[in-house]
Structure formats: structure tokens, C-alpha cells
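Colleague: Questions regarding the structure given below will be posed in turn.
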Ligand SMILES: Cc1cc2nc3c(=O)[nH]c(=O)nc-3n(C[C@H](O)[C@H](O)[C@H](O)COP(=O)(O)O)c2cc1C
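Numbering (my numbering), first residue to last: 972 to 1184.
What follows is the structure, given as C-alpha cells:
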């Protein structure tokens, strides 16, 4: 399935086939798709926790305000953002340099910019949400292309999740995604606002538009 079709076919599933597991190969494919998402400076701060065991999913369901799909879906992926990824960022510039993408001068500049800029917790937080969201979207598109369904969720207690699954303080839960093969009873994809409601065409400086005050 091509990306266009997958983007348009994706819908948020509530009902999964609990007896059809997601293979380890497909899990790898999903994370491989997620890690292709862009991130500022290529920081790659998104991390992924796959909850697969039934008892673990039952526990996760209680953390997700008893949303049944968390138990029903054979795979639940929690996307995390590492709020301290600026510390390990030199690993990234070393790899990009080794691949011949840029030189030492630019690497030094990037490291300096990242380690100064993302020492600001607000900036690190916002960037983690942005990057994690982009990664999550890639993952859901890939899943759709592979014939799976997904359910993005923010209805869970992030503090309880971190406590229960023993996640260190500096990881921010960004979104939870249920993954599996769809079963009967799902709603179709929901309607969308019109393009005209969403888009300002040919925006010009200091010119009134739909989104002006
Ligand atoms: C950030 C985010 C959080 C969401 N949280 C939940 C949730 O906790 N429970 C749920 O049933 N659906 C959740 N959804 C799914 C949305 O309700 C769904 O994407 C929306 O209604 C549009 O439907 P569609 O994806 O099928 O087009 C969430 C979606 C997003 C993007």
C-alpha cells in the first residue's frame, strides 16, 4: 500500500482481534518507520515501550482509565521523549560525520546549539512532544500499510505509567498507540473539516486572513 492510501485509510480503532498477535518482525518494521521521522537537529529523542504480555496489558488498561482496547490490542506502544537527549547528542553528530554528511566544524556548531538550547526544560519538553508525535504518525501510517489498525491515545496517567513500568524521570510519555488486526465493530474514519476552513492560501506579510484577530 502506498503512503497516500495508508494516510487516507488510517482510522482510530477501538476493536481489535485479541487472538491475532503482531509478530516481532512487524514490531521492528513499525519502529523502523517511526525512527525515520524527522527531529530537530536529528536529535532522535523518541523512545518506544512495547507492552505485549496480556497481564501487562491488563495492568496498562487500569492506567488508561479502563479503556478496553488496551487489553484487546495484542500490542500497545508507548512513545516516550527523552528530555535529556541533548546530553547524548554528540553520538548523533559522530554518526552523521562518519557517514560523511557534514564536517567537524558543523558538528561542533550543532552540539553547542543543541546542548545550550535544550538545557531549557520547556524547549526540551515541546521538542519531545513534537518529535514523538511525528514518530507516532509514521508508525501509524506504516501499520496501516501493513494491514494493521492503530488507536492513538492520550487517555492514560503518565505518572502511573512511569511508576508501574519503571521508567526514569527524564522520559516524557508522549502518546500511547494500540496496534493489532481490526475486528468487527469499529467506527469508520471520522469526518474532517474542509480544506477551506483549515488553509490560508498565499499568505502575505501584514495582510488580514482567516486566522487574523
Ligand atoms: C493525541 C491523541 C489522543 C487521543 N486519545 C484517545 C484516547 O485516549 N482514547 C480514544 O478512544 N481515542 C483517542 N484518540 C483518537 C481520536 O479520538 C481520533 O483520532 C479522532 O476522533 C479522529 O478519528 P480517526 O482517527 O478515526 O479519524 C486520540 C487521538 C489523538 C491524536
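We treat Cβ as the ideally placed atom computed from N, Cα and C, and that holds for glycine.
1. Is residue 1035 near ligand 1, judged by its Cβ being under 8 Å from some heavy atom?
2. May I ask you to report which of helix, strand or coil DSSP gives residue 1043?
3. Do residue 1085 and residue 1147 have their C-beta atoms closer together than 9 Å?
4. Per DSSP, what are the beta-bridge partners of residue 1021 in this structure?
5. Tell me whether residue 981, by its Cβ, gets closer than 8 Å to a heavy atom of ligand 1.
6. Please confirm if the stretch 1063 to 1072 is in contact with the stretch 1026 to 1034, defined as three or more CB-CB distances below 8 Å between the two stretches.
7. So the alpha helix (DSSP H) residue 1165 belongs to, where does it begin and stop?
8. What is the DSSP secondary structure of residue 1121, reduced to helix, strand or coil?
9. Under 8 Å from any heavy atom of ligand 1, does the C-beta of residue 931 make it?
10. Quick one: give me the first and last residue of the alpha helix (DSSP H) that residue 1092 is part of.
Modeller: Let me lay it out:
1. yes
2. helix
3. no
4. 1048
5. yes
6. no
7. Residue 1165 -> no alpha helix (DSSP H), and no H or E assigned at all.
8. strand
9. This structure cannot settle anything about residue 931, because the visible part of the chain is limited to 972 through 1184.
10. 1092 to 1116
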